[in-house]
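Shown next, in structure tokens, is the structure this report addresses.
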Amino acid sequence: MRIRTLCCLLLSPVAVSQLYYCGQYNATESWLGLLLSNTNLDVNSSGWNYRHKLTIQNGAYAESFTDFPVLVRLNAGRIDYAHTNVNGSDIRFTDSTGNLLDYEIEQWSYNGESILWVRVPGITASSNNDFIYMYHGNSAAVDGQNAAGVWSSYTGVWHLKESPSGIVGEIIDSTGNYHGTSYGGMNAGNSITGQISGALSFDGTNDYVEIAHNAAFSYPAAGSFTLSAWINEGTLPGSWTGIVTKSRDLGNWYGIWISSSNNWIFGASGSNQSYGAASTGWNHVLIVQDATSTQRRIYVNGGAPSIIGSVTNMSGTGDLWFGGAKGVSEYFSGGIDEVRIFSGAFTTARAQAEYAGLSDSYLIYGSEESLSVPQSL
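Residue 975 is where the sequence shown starts when you use this note's numbering, and the numbers rise one by one after that.
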């Protein structure tokens, strides 16, 4: 068998730069097939000088996941900021075979804490062996983010990092589809430190964010969906309080409430479902309507769910609110962060893995590797 060496430059539209490959193949192989399947893509040769291996901790979850948004939380202990561009424009992610991955930078703080999201196409069930790479150290690199790609499987994702001022569409949906507007005189003072980067505080009187109704997040009894948010109560209200709610004024509503008994509630016009006692501080609340199993479920901080064996019509045409419930005096006093809607039913494993990822316990951060040519993935 004759062994040959192939060296070439690959142009990457995502990286806006060149990737270099140099490897061996035998005379019977297709060189094009080799390029498409070989893992020896050397980012260093086009200017990237460093990388970290990030290992995914999915061992506790007996389910594989697709298009999973992984939180990457960086600080001076996890990355040497002196080896990055000041604005983070040189950050890139690849899977274990060298394919570039979609990512979003929610917050970049040179020498501080930076928050990034990466869409991982596939994660193996019950495994702690899957990994991705993070590359950096290229002064010529331009920004390669694709936020919409990260969240392509979601209906809406609101990080709530924006400083509100009442401008239409100022509260950004990272899917690019359903931006919101703040009301009640919300301003820069309503921007707070959240569980993940920035968040918004609401005064319990008239503050709210409104996203206009769209059929994309209205669900009949035969429709499955998942809604989640980080919620911070300073004191428990002792009265009905809407946190993230849809169509409360026009009927067939749904959302997350706290009841007058201070319980977490999966609210719906058909019937409400209680999880149990709410608590102060940051809590992650996730609700699911699962039309296949005819269940509604509510999870708090990744725990076992409260389950009710029925589904209901939640297809109202009213608007989506953060910080209250439209048409009733049920305003929320506290902080809200990271609201997400997914038009499908999360399983218990997916709901709990989501919480683990949001809680910074889903990745092991490898040490910095200095790259040389050629560098094998």
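Here a beta-carbon is modelled for each residue, glycine too, at the ideal position from N, C-alpha and C.
Quick caveat, the model's predicted, so the values are computed rather than measured.
Spatially closest choice to Ser1228 from Ser1289, Phe1316, Ala1122, by CA coordinates
Here residue 1228 is taken as the residue at index 254 of the sequence shown, counted from 1. Reading off the sequence, residue 1228 comes out as Tyr, not Ser. Measuring from the Cα of Tyr1228, the nearest candidate turns out to be Ser1289.
DSSP three-state assignment for Asp1334, whether helix, strand or coil
Locating residue 1334 in the sequence shown gives position 360, where the first residue counts as 1. If DSSP states are grouped into helix, strand and coil, Asp1334 belongs with coil.
When you compare each of Thr1071, Ile1053, Ser1070 to Asp1064 by their alpha carbons, which one comes out closest?
Taking the first residue of the sequence shown as 1, we reach residue 1064 at position 90. Measuring from the Cα of Asp1064, the nearest candidate turns out to be Ile1053.
If you run the structure through DSSP and keep just helix, strand and coil, what is Ala1203?
Counting from one through the sequence shown, the residue named residue 1203 turns up at place 229. Residue state, collapsed to three classes: strand.
Thinking just about the alpha-carbon of each residue, which of Arg1222, Val1092, Arg1047, Thr1068 is nearest to the one in Ser1084?
The sequence position of residue 1084 within the sequence shown is 110, counting from 1. Note that residue 1084 is Tyr in the sequence shown, not Ser. Selected option, being the one with the closest Cα: Arg1047.
Please return the same chain residues whose Cβ sits closer than 6 Å to the Cβ of Ser1137, not counting the five positions on each side in sequence.
Residue numbering aside, residue 1137 sits at position 163 when the sequence shown is read from its first letter. Closer than 6 Å at Cβ, skipping near neighbours: Ala1162, Ser1165.
Go ahead and label Gly1298 buried or exposed: buried means 16 or more other beta carbons lie within 10 angstroms of its beta carbon, across all protein chains shown.
Your numbering for residue 1298 matches position 324 in the sequence shown. With 16 or more other Cβ atoms within 10 Å, it is buried.
For the beta strand (DSSP E) that Ala1265 lies in, which residues bound it at each end?
Start at 1 with the first residue of the sequence shown, and residue 1265 comes out as number 291. No beta strand (DSSP E) holds Ala1265; DSSP gives it neither H nor E.
Say whether the region 1025 to 1037 touches the region 1329 to 1340, bearing in mind that this needs 3 or more beta-carbon pairs closer than 8 Å, one atom from each stretch.
Judged by Cβ distances under 8 Å, the region 1025 to 1037 makes contact with the region 1329 to 1340, as three or more pairs qualify.
Gly1197 and Trp1295 - do their beta-carbons sit closer together than 9 Å?
To locate residue 1295, count along the sequence shown from 1; it is residue 321. To locate residue 1197, count along the sequence shown from 1; it is residue 223. Cβ distance not < 9 Å, so Trp1295 and Gly1197 don't count as in contact.
Which of the three DSSP states is assigned to Asn1328 in this structure?
On the sequence shown, position 354 is the one that residue 1328 refers to. The sequence as given places Glu at residue 1328; Asn does not occur at that position. It is helical.
Tell me whether Tyr1055 sits in a helix, a strand or coil according to DSSP, three-state version.
Working through the sequence shown from its first residue, we reach residue 1055 at position 81. Per DSSP, reduced to three states, the secondary structure at Tyr1055 is helical.
Those runs of the beta strand (DSSP E) which lie wholly inside the region 1226 to 1306 and span at least 3 residues:
Entirely contained in the region 1226 to 1306, the beta strand (DSSP E) runs reaching 3 residues are, in chain order, 1228 to 1232, 1237 to 1242, 1247 to 1251, 1255 to 1264, 1269 to 1274, 1280 to 1282, 1294 to 1296.
Report the CB separation of Ile1310 from Leu1134 in whole angstroms; it is logged as a contact under 8 Å.
Here residue 1310 refers to the residue found at position 336 when the sequence shown is read from its first residue. Here residue 1134 refers to the residue found at position 160 when the sequence shown is read from its first residue. With 8 Å as the limit, Ile1310 and Leu1134 qualify as a contact, their Cβ atoms being about 6 Å apart.
What is the residue span of the beta strand (DSSP E) that Ala1173 lies within?
Counted from its first residue, the sequence shown places residue 1173 at position 199. For Ala1173, the uninterrupted beta strand (DSSP E) run begins and ends at 1172 to 1177, by DSSP.
Measuring only from the beta carbon, is Ala1189 closer than 8 Å to any heavy atom that is part of the ligand NAP?
This structure does not include the ligand NAP; it has no bound ligands of any sort.
Thinking Pro1095 and Asp1069 are a contact (beta carbons under 8 Å), I'd like their distance in whole angstroms, please.
Looking up residue 1095 in the sequence shown gives position 121. Looking up residue 1069 in the sequence shown gives position 95. That pair is a contact at about 7 Å.
Other residues of its chain near Asp1223: CB distance less than 7 Å, five sequence neighbours each side excluded:
Here residue 1223 corresponds to residue number 249 of the sequence shown, with the count starting at 1. If you ignore the 5 residues before and after Asp1223, its C-beta comes within less than 7 Å of the C-beta of Gly1292, Lys1300, Gly1301, all in its own chain and listed in chain order.
Any idea if Thr1254 is buried or exposed, counting beta-carbon neighbours within 10 angstroms, 16 or more meaning buried?
Within the sequence shown, numbered from 1, the residue matching residue 1254 stands at position 280. Per the 10 Å Cβ criterion, exposed.
Taking the CB atoms as reference points, tell me whether Val1044 and Gly1276 lie closer together than 9 Å.
Residue 1044 sits at position 70 when you count from the first residue of the sequence shown. Residue 1276 sits at position 302 when you count from the first residue of the sequence shown. Between Val1044 and Gly1276, the C-beta gap is not smaller than 9 Å, which leaves the two residues out of contact.
With DSSP as the reference, identify every bridge partner of Thr1155, one or two as the case may be.
Reading the sequence shown from its first residue, position 181 is the one you call residue 1155. Glu1184, per the DSSP bridge assignment.
Are the beta-carbon atoms belonging to Ser1156 and His1187 less than 9 Å from one another?
Numbered from its first residue, the sequence shown carries residue 1156 at position 182. Numbered from its first residue, the sequence shown carries residue 1187 at position 213. Taking a C-beta distance under 9 Å as the contact criterion, Ser1156 and His1187 do not qualify as a contact pair.
Using the three-state DSSP reduction, which class does Gly1308 fall into: helix, strand or coil?
Sequence index remark: in the sequence shown, residue 1308 carries index 334 (1-based). In the structure shown, Gly1308 sits in a strand (DSSP, three-state: E or B).
Applying the 10 Å Cβ sphere with the 16-neighbour rule, what's the burial state of Thr1390?
In the structure as shown, the chain starts at 975 and stops at 1351, and residue 1390 therefore has no counterpart that could be examined.
Exposed or buried, which one is Asp1334 when buried takes at least 16 other CB atoms within 10 Å?
One-based indexing of the sequence shown puts residue 1334 at position 360. Asp1334 should be labelled exposed.
Buried/exposed call for Thr1353, threshold 16 Cβ in 10 Å:
Not covered by the structure: residue 1353. The range shown for the chain is 975 to 1351.
When the Cα of Leu1201 is compared with those of Phe1191, Asn1102, Leu1210, which residue comes out closest?
Locating residue 1201 in the sequence shown gives position 227, counting from the first residue. The residue with the shortest Cα to Cα distance from Leu1201 is Phe1191.
So for Met1322, helix, strand or coil by DSSP?
The residue you call residue 1322 lines up with position 348 of the sequence shown. Rather than Met, the amino acid found at residue 1322 in this sequence is Thr. If DSSP states are grouped into helix, strand and coil, Thr1322 belongs with the helices.
Any 3 or more C-beta pairs closer than 8 Å across the region 1204 to 1216 and the region 1321 to 1329
Taking a cut-off of 8 Å for Cβ pairs, the region 1204 to 1216 and the region 1321 to 1329 do not touch, as fewer than three such pairs fall below it.
Backbone CA spacing between Ser1101 and Ala1323 [nearest angstrom]
Here residue 1101 refers to the residue found at position 127 of the sequence shown. Here residue 1323 refers to the residue found at position 349 of the sequence shown. A straight-line Cα-Cα distance of about 13 Å links Ser1101 and Ala1323.
Coarse secondary structure for Val1124, derived from DSSP in three states
The residue labelled residue 1124 in the question sits at position 150 within the sequence shown. Under the three-state reduction of DSSP output, Val1124 falls in the helix class.
Whole-angstrom distance between Met1160 and Asp1181, CA atom to CA atom:
As a first step, residue 1181 must be located in the sequence shown, where it is residue number 207. As a first step, residue 1160 must be located in the sequence shown, where it is residue number 186. So the two alpha carbons sit approximately 6 Å from each other.
Beta-carbon contacts of Thr1286 that lie in its chain and below 6 Å, excluding the five residues immediately before and after:
Residue mapping note: residue 1286 aligns to position 312 of the sequence shown, counting from 1. For Thr1286, where only same-chain residues beyond five positions count, the Cβ hits under 6 Å are Ala1195, Ala1242, Gly1244.
Please list the terminal residues of the continuous beta strand (DSSP E) segment that includes Gln1031.
Here the question's residue 1031 lines up with position 57 in the sequence shown. Per DSSP, Gln1031 lies in no beta strand (DSSP E) and is assigned neither H nor E.
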